[in-house]
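Trainee: Take this structure, written in structure tokens, and hold onto it; I'll ask about it next.
There are 2 protein chains.
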Amino acid sequence: MRKKMTLIFSVLLFANQLYAQDSLMIRKIYDEALVNGKSYESLRVLCKNIGPRLSGSANAEKAVSWSKKLMESYGFDKVYLQEVMVPHWVRGAKETAFIVDGKNRIAVPVAALGMSVATPEQGLTANVIEVHSIQEVEKLGEQAIRGKIVFFNRPFDPRFINTGQAYGGAGDQRFMGPAVAAKYGAVGVIVRSLTESLDDYPHTGATFFDQHGKNIPAAAISTKAANQLSTLLKMRKLPLIKFYFKQSCQMLPDVLSYNVVGELTGTEHPNKFITVGGHLDSWDLAEGAHDDGTGVMQSAEVLRIFKALDYKPKNSVRAVFFMNEENGHRGGDKYAELAAQHQEEHIAAIETDEGGFTPRGFSFEGVSKDFIRKVNDNWKGLLNPYEADRLTIGESGTDIGPLKDKRPGIILIGFRPDSQRYFDIHHSSNDVFENVNKRELELGAASMASLIYLIDQHGL
Amino acid sequence: MRKKMTLIFSVLLFANQLYAQDSLMIRKIYDEALVNGKSYESLRVLCKNIGPRLSGSANAEKAVSWSKKLMESYGFDKVYLQEVMVPHWVRGAKETAFIVDGKNRIAVPVAALGMSVATPEQGLTANVIEVHSIQEVEKLGEQAIRGKIVFFNRPFDPRFINTGQAYGGAGDQRFMGPAVAAKYGAVGVIVRSLTESLDDYPHTGATFFDQHGKNIPAAAISTKAANQLSTLLKMRKLPLIKFYFKQSCQMLPDVLSYNVVGELTGTEHPNKFITVGGHLDSWDLAEGAHDDGTGVMQSAEVLRIFKALDYKPKNSVRAVFFMNEENGHRGGDKYAELAAQHQEEHIAAIETDEGGFTPRGFSFEGVSKDFIRKVNDNWKGLLNPYEADRLTIGESGTDIGPLKDKRPGIILIGFRPDSQRYFDIHHSSNDVFENVNKRELELGAASMASLIYLIDQHGL
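In structure tokens form, the structure reads like this:
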């Protein structure tokens, strides 16, 4: 009996010591991020000195070489590029659009959707049919749709607490709406910007046409313009109201680009990996500050913090700046492909691509309830003082997604910052450095470094 | 045995039904706030049509009558004013300041501290002594301090996760620094703005002199200017560096003003009260959007939501727009005094004065660990889907504070939104409507309505 008691006591004591040690390390991680953080200044340079960096653009290539140098300056064990061919879509001249209300022309803030085609050179004018879903287009059928501009106008559902869910709920209009409308003979598509904010910014983003389908011009208009158009359509009835837009975007041949990878090599298991990453490419309308400059700068910061604290991970920890998340996710595919090819063992991957806002926690993709209960039992208490302790089952991210099949057994994790402001700026010209808060950015980096430290020490 | 089992089963069933009913009601509260919310538009009017509203000012009186009309338009059971005499401090002409570096004059963003006195008409020039704490002033003593401008320059400690704690840690320099420096013969005081943000905004705020002490001119300078002055002081040494500032603020006689109170009268216990409130007055430099326009608009919104849902509280629920939180908290004192005078029974009071940011939870002042454990056991699960479930022991607020003594047994609660951005704009000209996010504001109102609903139904 005494022996057993001693054993239990020893185990408890050991557990307590471990807990105290982890707690101390996490405090050090936060202190380093908040006192000596480098992510904010790096983000300023990325946003202000490089700026928009759509896949295939000259700026994207500048961002690649700058990122490599940045990681090298941090002194990571390895820094290298992964070649990947990426699509090269260009917007061309600034778009114009207006509502034609009889003899009145009302200017409308507009932006071509990524991967869309141009209108005829003189622009495109047609009657408008307002719909609220893809199903409605299918129901209306060719007779109603042919020759018209289809106007997708289903707003965000404000009742979702996490705005990502509202985006998911409205997003099919942009992702697939144009392709479906084309099938029924539409000549063009305009989509209400995917944001809850009522403002004058068009929010772009990719739309997808299958190879055999017809590609028609598709653009996003601002939410205010969408409301105005909808009101006029109700007041005036067709055919008084027409819509005009002109865009000159085009697809160019694929371009060689790169993922940028930095690594701290594991002291015990160099061939086991924990990845943290975001995407280096951005839309062309702004600086890609929150989408996803913050994500890449946080990923590099995680490794920088470990270096600064002289923490040598047991497993290899990688920061990956993925290329081409926005219109193809070829970088994510390539990373998984190479991981498989090199027979790397992947423990976990964390994606940070929901903005550099105050961290709330992490979501673990496809894990069991038992798994998440254990994660909470073990680590929630450690993360609670930093208010980044919401550990739930949920989605992870586009770039790390392909690892699921290529590296079975991996745990995919999504970094979950506060979601309220993300879609106000998402894919619009408002996604600039000035809208990033230094502390929120740093807290995010610290929360990811803490989780990776725990995974590195204790496994998953 | 069967009887006992049946009893247990019934109790569980009843508990489950109650839980389901509460859960449903909270969902309705959030839906109403997010779909039909009025707080954002009301805040716009308060900020843009009225604007700054320092106690005693004409704008503060405009805000009082507008607020009363707003509450009346919402159809509350009672809407009335509580008379309260408030201090009337005025800033006068815009301040000027510069660092005198030999023959160079470097302009400095400056704002007089509230309740401070003017400099001589031609301004005040003196040698500067930089200190980092009140203790340092006391240690240096009269010989070092006399005739000088004392420059308090202790920055926020960035390691605090909640910025309110960093404010608390640096705040004594502004609150009491000038009075202490005056005791040792200082001719003026400048204080590093109480913000972690490195920018060009001076952040004002009240400073306090005791009645018998000497009142000397005191002002806040921007954090960037503070860094510059500190660097120059180190480089050049005294007496090459002097500081000049000029302000013409003054105290005028007290003015009659008002708290604005709206009430839904309790159907079962009309003389038992749950209060939710913020302060209607603001500093004069900006619109008082987050401090505390959001708080008052949320408080009214709580009652509006109940009305809209036809929820008739058992106890009386009051929204209180307190006057004069910023430089005297006479409104808070008056509310407590009248509550005692009318022998009202007060169950709980919630204060919302930390900005209209995404809610994280609530802190309960001075309660026991058992109490907070019970609150968590009962309600955390209900608030968890809305991510406003951090229920902790902590501070409440300045305006409801006096209720503690006047109405013993009351539970004081602080609304806790995300704290990261608050001190970036706090008491500066940057505290404007544009920096408030509609959803964050609405989620805060919904979280408070939910907690008040639970308190009304189940007590505390």
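Chain order of the listed sequences is A and B.
Quick note: the first sequence uses this note's numbering, first residue 76, plus one each step.
Quick note: the second sequence uses this note's numbering, first residue 76, plus one each step.
Even for Gly, the Cβ is constructed at its ideal location relative to N, Cα and C.
1. In three-state terms, what does DSSP make of A:R311?
2. Give me, in chain order, the residues of the same chain whose beta-carbon lies closer than 6 Å to that of B:M326; leave out the 5 immediate sequence neighbours on both sides.
3. Evaluate the contact criterion for the segment 460-473 of chain A versus the segment 437-445 of chain A: three or more CB pairs, one atom per stretch, below 8 Å.
4. To the nearest angstrom, how far is it from the Cα of B:V255 to the Cα of B:G216?
5. For A:R234 and chain B, any beta-carbon pair shorter than 7 Å?
6. Is there a Cβ from chain B that is less than 7 Å from the Cβ of A:Q495?
7. Based on the DSSP output, what are the partners of B:M160 in its beta bridges?
8. Applying a beta-carbon distance threshold of less than 8 Å, which residues of chain B neighbour A:T433?
9. Going by Cα to Cα distance, which pick from B:P233, B:R482 and B:K317 is closest to B:V225?
10. Any idea what DSSP makes of A:S323, helix, strand or coil?
11. Under DSSP, the beta strand (DSSP E) around B:P253 begins and ends at which residues?
12. Within the chosen definition, does the segment 137-148 of chain A reach the segment 324-338 of chain A through at least 3 CB pairs nearer than 8 Å?
13. Does the beta-carbon of A:R311 have 16 or more other beta-carbons within 10 angstroms, so that it is buried, or is it exposed?
14. So, for B:F250: in the same chain, excluding its five sequence neighbours on each side, which residues have a beta-carbon less than 7 Å away from its beta-carbon?
15. Contact defined as beta carbons within less than 8 Å: I believe B:Q373 pairs with B:G403. What is the distance between those atoms, to the nearest angstrom?
16. Could you tell me which residues DSSP puts in a beta bridge with A:A524?
17. Would you report the Cα separation of A:A21 and B:N237, rounded to the nearest angstrom?
18. Pop quiz: A:E170 and A:Q303 are said to be a contact at Cβ under 8 Å. What is the actual Cβ separation, rounded to whole angstroms?
19. With DSSP collapsed to three states, give me the class of A:K153.
20. With H, G and I counted as helix, E and B as strand and the rest as coil, what does DSSP make of A:N390?
21. Kindly identify the DSSP beta-bridge partner or partners of A:N475.
22. Anything in chain A within Cβ reach of B:N512, meaning under 8 Å, just list it in chain order.
23. Residues in the segment 450-483 of chain A with C-beta within 8 Å of chain B's C-beta atoms, listed in sequence order?
24. Taking Cβ-Cβ distances shorter than 9 Å, what residues in chain C pair up with B:E271?
25. I want to know whether the segment 452-462 of chain B touches the segment 477-488 of chain B - three or more CB-CB distances under 8 Å.
26. Would B:P195 be called buried (16 or more neighbouring beta carbons within 10 Å of its own) or exposed?
27. For A:S504 and A:E362, what's the separation of their Cα atoms in angstroms?
28. Can you list, in chain order, the stretches of the alpha helix (DSSP H) that have 4 or more residues and sit fully within the segment 381-440 of chain A?
29. Hey, how far is the Cα of A:G534 from the Cα of A:I422?
30. State the beta-bridge partners of A:V266 as determined by DSSP.
31. Which of the three DSSP states is assigned to B:N346 in this structure?
32. Hey, would you say the C-beta of B:K479 is under 6 Å away from at least one heavy atom of the ligand SAM?
33. Using three-state DSSP, classify A:I488 as helix, strand or coil.
34. Along the segment 100-131 of chain A, where does the CB come closer than 8 Å to a CB of chain B? Name the residues.
35. Could you tell me the boundaries of the beta strand (DSSP E) in which B:D176 lies?
36. Rounded to the nearest angstrom, what separates B:R465 and B:H365 at their Cα positions?
Mentor: Well, looking at it:
1. helix
2. W164
3. Verdict: yes, contact present.
4. 10 Å
5. It does: the Cβ of A:R234 has a partner Cβ on chain B nearer than 7 Å.
6. yes
7. Its beta-bridge partners are B:L331.
8. By Cβ distance, chain B contributes T433, D493 and Q495.
9. B:K317
10. coil
11. Here B:P253 belongs to no beta strand (DSSP E); instead the alpha helix (DSSP H) covers G252 to K258.
12. yes
13. With fewer than 16 Cβ atoms within 10 Å of its Cβ, A:R311 is classed as exposed.
14. T282 and F283
15. With a Cβ gap of about 23 Å, B:Q373 and B:G403 do not count as contacting.
16. DSSP, once it has assigned bridges, lists no residue as partnering A:A524.
17. The structure shown does not extend to residue 21 of chain A, since chain A spans only 76 to 535, so no value can be given for it.
18. That belief does not hold up - the Cβ atoms of A:E170 and A:Q303 are roughly 17 Å apart, past 8 Å.
19. Note: A:K153 maps to strand in three-state DSSP.
20. Looking at A:N390 - three-state DSSP - the assignment turns out to be strand.
21. Residue 475 of chain A is actually Ile in this sequence, not Asn. Beta-bridge pairing links A:I475 to no other residue.
22. Q495, R496 and D499
23. P460, Y461, E462 and R465
24. Although the question refers to chain C, the structure presented lacks it and instead comprises the protein chains A and B.
25. Taking 8 Å as the limit for Cβ pairs, the verdict is that the segment 477-488 of chain B does not touch the segment 452-462 of chain B.
26. exposed
27. Answer to the nearest angstrom: the Cα atoms are 8 Å apart.
28. 405-416
29. 8 Å
30. A:F227 and A:A295
31. B:N346 falls in the strand class under three-state DSSP.
32. In terms of ligand content, the structure shown is empty, and the ligand SAM therefore cannot be addressed.
33. strand
34. Under the 8 Å Cβ criterion, the segment 100-131 of chain A contributes Y105, D106, L109 and V110.
35. T171 to D176
36. 21 Å
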